[in-house]
Amino acid sequence: FEGTAEASIAFLTLQSTPSAPAPAPARAPAPPRALYRYGARDLATVFFYTLVAVIVHAALQEHVLDRVTRRLQLAKAKQSRFNEAGQFGAFYLVSCAWGTCVLVAEGCLEEPARLWRAAPPGTMTFQVKFFYVAQLAYWFHAVPELYFQRTRRQDLPRQLVYIGLHLFHIAGAYLLYLNHLGLLLLMMHYSVELLTHACDLFYFGDEKHQRELSLWAVVFVLGRLGTLIVSVLTAGFHLAGGQARGPDAASGNVNVLAAKVAVLSSSCT
Numbered sequence: 001f002e003g004t005a006e007a008s009i010a011f012l013t014l015q016s017t018p019s020a021p022a023p024a025p026a027r028a029p030a031p032p033r034a035l036y037r038y039g040a041r042d043l044a045t046v047f048f049y050t051l052v053a054v055i056v057h058a059a060l061q062e063h064v065l066d067r068v069t070r071r072l073q074l075a076k077a078k079q080s081r082f083n084e085a086g087q088f089g090a091f092y093l094v095s096c097a098w099g100t101c102v103l104v105a106e107g108c109l110e111e112p113a114r115l116w117r118a119a120p121p122g123t124m125t126f127q128v129k130f131f132y133v134a135q136l137a138y139w140f141h142a143v144p145e146l147y148f149q150r151t152r153r154q155d156l157p158r159q160l161v162y163i164g165l166h167l168f169h170i171a172g173a174y175l176l177y178l179n180h181l182g183l184l185l186l187m188m189h190y191s192v193e194l195l196t197h198a199c200d201l202f203y204f205g206d207e208k209h210q211r212e213l214s215l216w217a218v219v220f221v222l223g224r225l226g227t228l229i230v231s232v233l234t235a236g237f238h239l240a241g242g243q244a245r246g247p248d249a250a251s252g253n254v255n256v257l258a259a260k261v262a263v264l265s266s267s268c269t
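At position 50 of the sequence shown (counting the first as 1) the number is 50 in full-length UniProt numbering, and the numbers step up by one without a gap.
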């Protein structure tokens, strides 16, 4: 409908005004890429994709997880944990694959300096911005899902803290323009969480699978240690040379002491 077409664009597409196109890398001639900033219009896009996440969640629950739980004949307590592990496991699997593709496309693995230096500063490409919008939408959708899944009251505080921490870290990296660093840390964190929920699925499927729990403990420690090392090296050393006296919202320069302290402290949570 022509009357609602303009209004729907605000929800379907990334609306924060893109800056001037960035030149393509010299190694592969390609048309210039548009660079984006964040803005208030992102709220409409996040809201729309939150609804999409609710629909995908319901489809996965009905057509996959419910059929598996009926076949396994799990008790109600285990069924709730199994559904939780299945939902988060699928999300972490997709996010790890997607995020890794973005890191490779952005050249962060070939040029680690991109973790703390964007060109130009205070901007992000379409694929990075869309990834963060999708991540925020998923974690916002997890709040009403607590009601839809009839989560027990004693489990609500744990779930709300879990969701809140993810929203805090993702939104912080997005608003501080630490997009590549936040993306790498998310991939490290999601890899550990993916193994965690995979172990839960194997355990609920067959309680004989307990060796995976010891493997998870080792990977968990290594993952948290790697996250802390990357955060300290990036925020503590490489960002120190370009530290500003105060944040500049116009240019997107938030390389100030308070921001670096927030990054380092949040990496320890």
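Glycine included, each C-beta is placed from N, C-alpha and C at the ideal position.
Only a predicted model underlies this, so the values are computations on that prediction, with no experimental measurement involved.
Item                                                                                                                   : Value
Histidine 166 to glutamine 73 span [Cα, whole Å]                                                                       : 32 Å
Own chain partners of threonine 227 with C-beta closer than 8 Å, once the 5 adjacent residues on each side are dropped : Leu185, Met188, His189 and Ser267
CB of threonine 45 within 8 Å of CB of leucine 14, strictly                                                            : yes
Per DSSP, the bridge partner or partners of residue 310                                                                : Past the boundaries of the shown model lies residue 310; the chain is included only from 1 to 269, so the question cannot be answered.
Tyrosine 162 burial status per 10 Å Cβ neighbour count (16 or more: buried)                                            : exposed
Best match in Lys76, Ala113 and Ala40 for proximity to leucine 233 [C-alpha to C-alpha]                                : Ala113
Run of the alpha helix (DSSP H) containing cysteine 108, from where it starts to where it stops                        : Neither: cysteine 108 is in no alpha helix (DSSP H) and is coded neither H nor E.
Residue environment, residue 276, which counts as buried when at least 16 other CB atoms sit within 10 Å               : Nothing about residue 276 can be reported from this structure: the residues present for the chain run from 1 to 269 only.
Residues near valine 133 in its chain [Cβ-Cβ closer than 8 Å; skip 5 each side]                                        : Leu14, Asp42, Thr45, Val46 and Tyr49
CB contact flag (leucine 103, leucine 183, <8 Å)                                                                       : yes
Whether aspartate 200 touches alanine 85 by CB criterion (8 Å)                                                         : yes
Length of the line joining the Cα atoms of residue 273 and aspartate 66                                                : Here the chain has residues from 1 to 269 only, and residue 273 is not among them.
Distance between beta carbons of glycine 89 and histidine 197, contact taken as under 8 Å                              : 4 Å
Own chain, CB closer than 8 Å to phenylalanine 204, minus 5 neighbours either side, in chain order                     : Leu72, Leu74, Lys78, Arg81, Phe82 and Ala85
CA-to-CA distance, valine 54 to histidine 141, given in whole angstroms                                                : 6 Å
CA nearest to the CA of isoleucine 170, picked from Thr69, Phe131 and Ala34                                            : Phe131
Contiguous alpha helix (DSSP H) assignments of at least 4 residues, all confined to the stretch 128 to 176             : 156 to 175
Option nearest valine 230 by Cα separation, candidates Ala217, Leu195 and His180                                       : His180
Outcome for alanine 58 when other beta-carbon atoms lying within 10 angstroms are tallied against a minimum of 16      : exposed
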